[in-house]
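Below: one structure, written as structure tokens.
In structure tokens:
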């Protein structure tokens, strides 16, 4: 699994993804959450049904509970008459006894009274005094929700590893489950680095810039099943980085949001080589080349590029799959849009290009300014990927946009 | 906008959507949230840039800050020599003075020192003592991130109504904004009704069932920008329903999860007609016909069918768009999958059919059992919509699946 790459030899995105994937382990810790907080979480337990749903045969229609055998041959010209001996109340165990030739008024959801096996819908009957005139035969089990037809007692309607959707939450509720054991969310340290980086909210002069990357990274972490913890900006000296990394290794994943100087990149590489093993350094993608990934004390440490758009685009391409694997979430399937390029674009041979775009009607308009500009992403609706072997695309070419929302 | 429909005359889904939309108003209340909680929220303010990003011209590459005019005509055979007079440190206001014929060492992100207008990349230079040999001319502004090129001071990079994505959060951070005014989330009352409905966690006998619908509805509300509040189950007497509705009207939207008896449906209709105006009662969709929608004291009150799959499918089709309009969220674009039916299916002419399906490789396998079964949804990957005028679809027919996750 180890594969050390120097910055000179770029790793393909596919290989980078494979290397990250091979070193990421899903979280095994679990915790118990109430139903209200369970949507989107991943089950750490099988759910075995302690009883059937429905618990017993219930009416699936409004009408009369009866025995199918009593309705054989019923027709408009030759109806069958059943004696109405009572009714079933919703939410109560039926007290009415129905013997052959009899029936009981019933509404949807009521338990079938003893002695009945089907429900005759009102529209196939007429009431005449205490007689119900039946114009159509029913079969055994007609208009009945049979015991266990939804969930059978002892079965496992939900399994460890299932992500809880609204419907799966409904399954838990149907079984009376108030809380459930789910995998914990990965805890992710986000460390901004660089002498020029200032914490948002602090006063700055012209030579410093506010920390953008920690916030965009934390947002991606939070939206993909993780719990981000943003560190204070760390000056890019070896000692400071070493100290920050060491305390961050308590987390499940460590993301270092790089400053942008060559010196710092070299230092990160040396530090990560000394502390663990570097999986790759430099990816064949634009923007986002300077990404570095390593394993330190069993933890994946990703060093993201300092340019805000490079950092965020690599967060979508490389970090998100890693996060979702740790959080045991299914692959995210972004909504896509097929449209036509509004103008000719020039790409970079030999690197996969992530180009942000706006969707304007049927047209797809490049939104990319430069990788240092956060508005390259913020003003875009999504992105297109231009393959390594394509250097230009023409106005009118069809492209598939991966939408951000 | 008013249009009362009786249960006999079903409203088309398109008309139902239009009626709901015409009576839903986006929330106007706002609140201030820190950046850490801002992703996915909707701005209630324009964001005007108090300064430019970058604040001043910065190096976009590592190299030498110089004057473009000094490099005119430089080539490998006829290089230009500049005197290296110092360096710029990242995060500091440059103290070095660069006069014509001089340059200063600079790395990406550093402010350009006075007297320079461009950066000469290292790869086009050679260092010879205190001279930098330049083999290529640069143009003014080359390898420079100009002041305001990302965001100009006084401009409005984010506007009221924008949903905050990771990238837009980055824009806020770049401007040093610690917290931001966003629209409040709609508060949604979810009222389970029916004598047979028991609160999850309480003991029950065979005649009662656990409240599924409140939990599935609350999940959909929470995933679509709302704050659900689940009420205790309400017996379906007029008095109890009236009391529950009255206290629920403090919320922005009221959803009543119906019991399933005809009596109850009639009572809901009468109660909602008495209290306000009914927009529609009965929708041309299967499952989910019994949905009722009304406006009471300026609040939309939706009565959802009691069958768990009917309730949840209508939550996706009718409630979700309403919620997202209230929460000012963009239309949800579910991921879709195109596949081929694994077998022939029979639909219902005159009603739009929402059929849950599983995706198995390229095949789309119907997952629907019955509308009373929550597993009709929980065991499905998504759903297909079969139009009103289609009664059968053949094995191998291409269908588009709207995926749940």
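Residue numbers (our numbering), protein chains in the order written: chain A, 1 to 405; chain B, 1001 to 1405.
Note that CB positions come from ideal geometry on N, CA and C, so glycine has one too.
CB contact below 7 angstroms: residue i versus chain A
i                      : result
residue 1402 (chain B) : no
residue 1206 (chain B) : yes
residue 1150 (chain B) : yes
residue 1330 (chain B) : yes
residue 1185 (chain B) : no
residue 1352 (chain B) : no
residue 1006 (chain B) : In this predicted model, residue 1006 (chain B) has a pLDDT of only 45, less than 50, meaning its place in the structure is not dependable; the value taken from the coordinates is given anyway. With 7 angstroms as the cut-off, residue 1006 (chain B) does not count as an interface residue toward chain A.
residue 1032 (chain B) : no
residue 1219 (chain B) : yes
residue 1377 (chain B) : yes
residue 1215 (chain B) : yes
residue 1178 (chain B) : yes
Contact under 7 angstroms by Cβ, residue i with residue j
i                      : j                      : result
residue 1069 (chain B) : residue 1110 (chain B) : no
residue 1190 (chain B) : residue 1227 (chain B) : no
residue 255 (chain A)  : residue 1173 (chain B) : no
residue 334 (chain A)  : residue 402 (chain A)  : yes
residue 183 (chain A)  : residue 44 (chain A)   : yes
residue 102 (chain A)  : residue 81 (chain A)   : no
residue 169 (chain A)  : residue 49 (chain A)   : no
residue 164 (chain A)  : residue 332 (chain A)  : no
residue 1381 (chain B) : residue 1353 (chain B) : no
residue 1054 (chain B) : residue 1088 (chain B) : no
residue 342 (chain A)  : residue 391 (chain A)  : no
residue 220 (chain A)  : residue 1178 (chain B) : no
residue 1236 (chain B) : residue 1194 (chain B) : yes
residue 1091 (chain B) : residue 207 (chain A)  : yes
residue 1388 (chain B) : residue 1350 (chain B) : yes
residue 1374 (chain B) : residue 1308 (chain B) : yes
Residue burial classification, residue i (beta-carbon count within 10 angstroms, cutoff 16)
i                      : result
residue 142 (chain A)  : buried
residue 127 (chain A)  : exposed
residue 1197 (chain B) : buried
residue 1071 (chain B) : buried
residue 1093 (chain B) : exposed
residue 1099 (chain B) : exposed
residue 95 (chain A)   : exposed
residue 316 (chain A)  : buried
residue 29 (chain A)   : exposed
residue 149 (chain A)  : buried
residue 314 (chain A)  : buried
residue 1019 (chain B) : buried
residue 1356 (chain B) : buried
residue 1139 (chain B) : exposed
Beta carbon proximity, residue i to chain B, threshold 7 angstroms
i                     : result
residue 308 (chain A) : yes
residue 244 (chain A) : no
residue 98 (chain A)  : no
residue 171 (chain A) : yes
residue 195 (chain A) : yes
residue 407 (chain A) : Past the boundaries of the shown model lies residue 407 (chain A); chain A is included only from 1 to 405, so the question cannot be answered.
residue 346 (chain A) : no
For residue i, the first and last residue of its enclosing alpha helix (DSSP H)
i                      : result
residue 377 (chain A)  : 375-378
residue 51 (chain A)   : No alpha helix (DSSP H) holds residue 51 (chain A); DSSP gives it neither H nor E.
residue 1215 (chain B) : 1213-1223
residue 311 (chain A)  : 308-314
residue 186 (chain A)  : No alpha helix (DSSP H) contains residue 186 (chain A), which DSSP labels as neither H nor E.
residue 67 (chain A)   : Premise fails: residue 67 (chain A) is in no alpha helix (DSSP H) and is neither H nor E.
residue 92 (chain A)   : Careful: residue 92 (chain A) lies outside any alpha helix (DSSP H) and carries neither H nor E.
Residue i beta carbon near the ligand SAM (any heavy atom closer than 6 angstroms)
i                      : result
residue 1342 (chain B) : Questions concerning the ligand SAM fall outside what the structure shown contains, since it holds no ligand whatsoever.
Endpoints, beta strand (DSSP E) assigned at residue i
i                      : result
residue 1355 (chain B) : 1352-1360
residue 1034 (chain B) : 1030-1034
residue 294 (chain A)  : 292-296
residue 1079 (chain B) : Run containing residue 1079 (chain B): none; DSSP gives neither H nor E here.
residue 1302 (chain B) : 1299-1304
Whole-number beta carbon distance between residue j and residue i, since they are thought to touch under 8 angstroms
i                      : j                      : result
residue 1024 (chain B) : residue 1369 (chain B) : Not really, about 32 angstroms apart at Cβ, beyond 8 angstroms.
residue 1032 (chain B) : residue 1181 (chain B) : 5 angstroms
residue 1216 (chain B) : residue 167 (chain A)  : 6 angstroms
residue 1400 (chain B) : residue 1338 (chain B) : 5 angstroms
residue 1272 (chain B) : residue 1301 (chain B) : 6 angstroms
residue 1323 (chain B) : residue 1192 (chain B) : Actually they do not touch by this definition, with Cβ atoms about 18 angstroms apart.
residue 292 (chain A)  : residue 303 (chain A)  : 4 angstroms
residue 1283 (chain B) : residue 1294 (chain B) : Actually they do not touch by this definition, with Cβ atoms about 14 angstroms apart.
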